[in-house]
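Numbering (this note's numbering), first residue to last: 476 to 688.
Backbone N, C-alpha and C fix where the C-beta goes; we use that ideal spot for every residue, glycine too.
So the structure is just underneath, and the comments pick up after that.
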């Protein structure tokens, strides 16, 4: 039995979900991370609620809730892939927000004081001085979160997304005698994708460090 074609179809779906989820997570990381540092109490409270809810509950439950429960509440149907992207993006965005917040706070206070002395606006200070320095500190943690997000995509098979894990389970159901081979192929495929992501993140880290020096 040829396992490769269905597994490659699963890889395409896995990568698609991962890429879109990464975009959502990246945006939410900065929105919530900056929101935690806002001078407005309402914004800080809203971002704290978001972060604690998504960090404090199971990703699998969030997938089920967005795909099955949310449409019943607001009468709006979402596709399984859309639900997967939202759940993964919001979940890992909550973790990423702490990376953003802590990295910004790690920038030496003297940098902020210097920008104030130069009469920069708060927006200019954040955009031109603080964020570029903080972003270098964020990259290693963002790289780890990206690998975790990739592994989290395996859960989307529970809501019928035909990703790599789903294809592997289908193959296993049709060929009980090749279970070991199928799981070895799944293991190797996830490892190859994760290692490629690690190399990409390391390349960005080197470029960011070189630009900073």
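Cβ distance (whole Å) where residue i is taken to contact residue j below 8 Å
i, j, result
"residue 680", "residue 614", "5 Å"
"residue 664", "residue 491", "Their Cβ separation, rounded to whole angstroms, is 15 Å, which puts residue 664 and residue 491 out of contact at 8 Å."
"residue 507", "residue 568", "6 Å"
"residue 612", "residue 581", "6 Å"
"residue 485", "residue 660", "Not a contact, Cβ separation roughly 10 Å."
"residue 553", "residue 546", "7 Å"
Cβ-based neighbour list, residue i, same chain, cut-off 6 Å, excluding 5 preceding and 5 following
i, result
"residue 621", "672"
Backbone CA spacing between residue i and residue j [nearest angstrom]
i, j, result
"residue 512", "residue 576", "7 Å"
"residue 538", "residue 559", "6 Å"
"residue 649", "residue 640", "14 Å"
"residue 617", "residue 479", "31 Å"
"residue 653", "residue 645", "12 Å"
Beta-carbon gap between residue i and residue j smaller than 8 Å
i, j, result
"residue 630", "residue 534", "yes"
"residue 504", "residue 572", "yes"
"residue 624", "residue 563", "yes"
"residue 510", "residue 519", "yes"
Simplified DSSP state of residue i, which is helix, strand or coil
i, result
"residue 635", "coil"
"residue 596", "coil"
"residue 615", "helix"
"residue 681", "helix"
Contacting residues, own chain, Cβ-Cβ under 8 Å from residue i (five flanking each side not counted)
i, result
"residue 523", "511"
Cβ neighbours of residue i in the same chain (closer than 7 Å, five flanking residues each side left out)
i, result
"residue 600", "587, 590"
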